[in-house]
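Visitor: Note that the numbering used here has the sequence shown beginning at 220, numbered continuously upward. For glycine and all other residues, C-beta sits at the position ideal for the given N, C-alpha and C. One structure coming up, written as C-alpha coordinates, with questions to follow.
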Amino acid sequence: MSNKLNLKFNFNPFKEGLNQVLGSLEKDIVEVLWDRGESSVKNILDIFSADRNVSYSTVITVTNRMVKKCLLTKRKVGKAYLYKPAHNKEQFYELVSKKVVEGVSEFSFQTAIAHFVDYMAQIDPDKIEYFTKLIESKRQRKSFTK
(Lines of atoms letter the chains of each structure in order from A and count residues from 1; the text may use other names and numbers.)
(Lines give C-alpha, C1' and ligand atoms only; values in the text may rest on other atoms or scores of the structure.)
Protein backbone atom coordinates (compact mmCIF):
# COMPACT_ATOMS: atom_id res chain seq x y z
CA MET A 1 0.00 0.00 0.00
CA SER A 2 1.73 3.18 -1.15
CA ASN A 3 0.25 5.48 1.47
CA LYS A 4 1.88 3.56 4.34
CA LEU A 5 4.88 5.85 4.15
CA ASN A 6 2.76 8.99 3.93
CA LEU A 7 0.65 8.32 7.03
CA LYS A 8 0.55 11.54 9.03
CA PHE A 9 -0.28 11.87 12.71
CA ASN A 10 0.98 13.56 15.84
CA PHE A 11 1.73 11.45 18.91
CA ASN A 12 0.58 12.79 22.28
CA PRO A 13 1.72 10.48 25.10
CA PHE A 14 -0.49 12.32 27.60
CA LYS A 15 -3.71 11.08 26.02
CA GLU A 16 -5.25 7.60 26.07
CA GLY A 17 -5.67 4.97 23.36
CA LEU A 18 -6.29 6.13 19.81
CA ASN A 19 -6.54 9.71 21.04
CA GLN A 20 -2.75 9.61 21.36
CA VAL A 21 -2.57 9.83 17.56
CA LEU A 22 -6.03 10.94 16.42
CA GLY A 23 -8.35 13.75 17.35
CA SER A 24 -11.62 12.80 19.03
CA LEU A 25 -13.73 13.08 15.87
CA GLU A 26 -11.02 11.40 13.74
CA LYS A 27 -11.00 8.48 16.18
CA ASP A 28 -14.79 8.15 16.07
CA ILE A 29 -14.83 8.30 12.27
CA VAL A 30 -12.10 5.70 11.77
CA GLU A 31 -13.71 3.37 14.32
CA VAL A 32 -17.03 3.57 12.44
CA LEU A 33 -15.22 2.86 9.18
CA TRP A 34 -13.23 -0.04 10.65
CA ASP A 35 -16.57 -1.55 11.66
CA ARG A 36 -18.45 -0.77 8.44
CA GLY A 37 -15.67 -0.85 5.85
CA GLU A 38 -16.88 2.02 3.68
CA SER A 39 -19.48 4.73 4.30
CA SER A 40 -20.70 8.11 3.23
CA VAL A 41 -20.58 11.09 5.58
CA LYS A 42 -24.35 10.76 6.06
CA ASN A 43 -24.00 7.12 7.12
CA ILE A 44 -21.15 8.01 9.48
CA LEU A 45 -23.31 10.71 11.08
CA ASP A 46 -26.25 8.29 11.38
CA ILE A 47 -24.09 5.95 13.45
CA PHE A 48 -22.95 8.64 15.87
CA SER A 49 -25.13 8.80 18.96
CA ALA A 50 -27.84 11.45 19.06
CA ASP A 51 -26.05 13.24 21.91
CA ARG A 52 -23.02 13.76 19.68
CA ASN A 53 -23.52 17.30 18.42
CA VAL A 54 -21.50 17.37 15.20
CA SER A 55 -22.53 18.86 11.87
CA TYR A 56 -22.43 17.29 8.43
CA SER A 57 -19.98 19.94 7.21
CA THR A 58 -17.65 19.27 10.15
CA VAL A 59 -17.55 15.55 9.33
CA ILE A 60 -16.88 16.33 5.64
CA THR A 61 -14.02 18.64 6.64
CA VAL A 62 -12.50 16.08 9.00
CA THR A 63 -12.85 13.14 6.59
CA ASN A 64 -11.19 15.14 3.82
CA ARG A 65 -8.34 16.08 6.16
CA MET A 66 -8.02 12.40 7.05
CA VAL A 67 -7.70 11.60 3.34
CA LYS A 68 -4.84 14.13 3.09
CA LYS A 69 -3.18 12.50 6.11
CA CYS A 70 -3.50 9.10 4.36
CA LEU A 71 -5.77 7.80 7.13
CA LEU A 72 -8.72 7.36 4.74
CA THR A 73 -9.32 6.91 1.04
CA LYS A 74 -12.35 8.19 -0.84
CA ARG A 75 -14.12 7.41 -4.07
CA LYS A 76 -17.00 9.12 -5.79
CA VAL A 77 -20.23 7.17 -6.27
CA GLY A 78 -22.88 9.26 -7.98
CA LYS A 79 -22.92 12.60 -6.19
CA ALA A 80 -21.57 11.26 -2.90
CA TYR A 81 -18.14 10.23 -1.71
CA LEU A 82 -17.55 6.99 0.12
CA TYR A 83 -14.75 6.88 2.66
CA LYS A 84 -12.87 3.89 3.95
CA PRO A 85 -9.79 3.38 6.12
CA ALA A 86 -6.51 3.34 4.22
CA HIS A 87 -5.34 0.64 6.66
CA ASN A 88 -7.14 -1.96 8.70
CA LYS A 89 -6.86 -1.62 12.48
CA GLU A 90 -3.92 -4.01 12.81
CA GLN A 91 -1.96 -2.33 10.00
CA PHE A 92 -2.65 1.09 11.50
CA TYR A 93 -1.48 0.02 14.97
CA GLU A 94 1.64 -1.52 13.44
CA LEU A 95 2.49 1.63 11.48
CA VAL A 96 1.85 3.93 14.44
CA SER A 97 3.82 1.69 16.82
CA LYS A 98 6.76 1.63 14.42
CA LYS A 99 6.78 5.43 14.04
CA VAL A 100 6.43 6.00 17.79
CA VAL A 101 9.28 3.59 18.62
CA GLU A 102 11.48 5.21 15.97
CA GLY A 103 10.66 8.65 17.37
CA VAL A 104 11.24 7.72 21.01
CA SER A 105 14.48 5.90 20.23
CA GLU A 106 15.90 9.11 18.77
CA PHE A 107 15.95 10.52 22.32
CA SER A 108 17.64 7.58 23.98
CA PHE A 109 17.32 4.12 22.52
CA GLN A 110 18.60 2.33 25.65
CA THR A 111 16.32 4.27 27.99
CA ALA A 112 13.28 3.70 25.76
CA ILE A 113 13.90 -0.07 25.59
CA ALA A 114 14.61 -0.29 29.33
CA HIS A 115 11.31 1.45 30.15
CA PHE A 116 9.49 -0.75 27.66
CA VAL A 117 10.86 -3.92 29.30
CA ASP A 118 10.01 -2.61 32.79
CA TYR A 119 6.50 -1.74 31.65
CA MET A 120 5.96 -5.15 30.04
CA ALA A 121 7.24 -6.89 33.20
CA GLN A 122 4.63 -5.02 35.27
CA ILE A 123 1.73 -5.43 32.84
CA ASP A 124 2.31 -8.96 31.54
CA PRO A 125 5.38 -10.83 32.83
CA ASP A 126 4.74 -13.63 30.29
CA LYS A 127 5.56 -11.15 27.51
CA ILE A 128 9.17 -11.00 28.73
CA GLU A 129 9.61 -14.61 27.61
CA TYR A 130 8.07 -13.76 24.23
CA PHE A 131 10.48 -10.84 23.73
CA THR A 132 13.44 -12.91 24.91
CA LYS A 133 12.65 -15.51 22.22
CA LEU A 134 12.10 -12.77 19.64
CA ILE A 135 15.48 -11.22 20.39
CA GLU A 136 17.17 -14.61 20.27
CA SER A 137 15.59 -15.44 16.90
CA LYS A 138 16.80 -12.08 15.52
CA ARG A 139 20.30 -12.84 16.83
CA GLN A 140 20.31 -16.25 15.16
CA ARG A 141 19.03 -14.83 11.87
CA LYS A 142 21.74 -12.16 11.97
CA SER A 143 24.47 -14.77 12.55
CA PHE A 144 23.16 -16.74 9.53
CA THR A 145 23.54 -13.72 7.24
CA LYS A 146 27.18 -13.16 8.19
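Give the straight-line distance between the Cα atoms of Tyr338 and Asp247, rounded to the nearest whole angstrom.
Guide: As a first step, residue 338 must be located in the sequence shown, where it is residue number 119. As a first step, residue 247 must be located in the sequence shown, where it is residue number 28. The alpha-carbon atoms of Tyr338 and Asp247 are separated by roughly 28 Å.
Visitor: Per the DSSP calculation, Arg294 is bridged to which residue(s)?
Guide: Taking the sequence shown and counting its residues from 1, one reaches residue 294 at position 75. Looking at the DSSP assignment, Arg294 forms a beta bridge with Leu301.
Visitor: In three-state terms, what does DSSP make of Ser327?
Guide: For the purposes of this step, residue 327 is taken as the residue at position 108 of the sequence shown. In this structure, Ser327 counts as helix in the three-state DSSP scheme.
Visitor: Look at the Cβ atom of Met285, then the Cβ atom of Glu257, and state whether they are nearer than 7 Å.
Guide: By one-based count along the sequence shown, residue 285 stands at place 66. By one-based count along the sequence shown, residue 257 stands at place 38. Taking 7 Å as the Cβ cut-off, Met285 and Glu257 do not qualify as a contacting pair.
Visitor: For Ser274 and Val260, what's the separation of their Cα atoms in angstroms?
Guide: On the sequence shown, position 55 is the one that residue 274 refers to. On the sequence shown, position 41 is the one that residue 260 refers to. Using only the alpha carbons, I get a separation of about 10 Å.
Visitor: I'd like to check one pair, Pro304 with Leu252: are the Cβ atoms closer than 7 Å?
Guide: Sequence index remark: in the sequence shown, residue 252 carries index 33 (1-based). Sequence index remark: in the sequence shown, residue 304 carries index 85 (1-based). Taking 7 Å as the Cβ cut-off, Leu252 and Pro304 qualify as a contacting pair.
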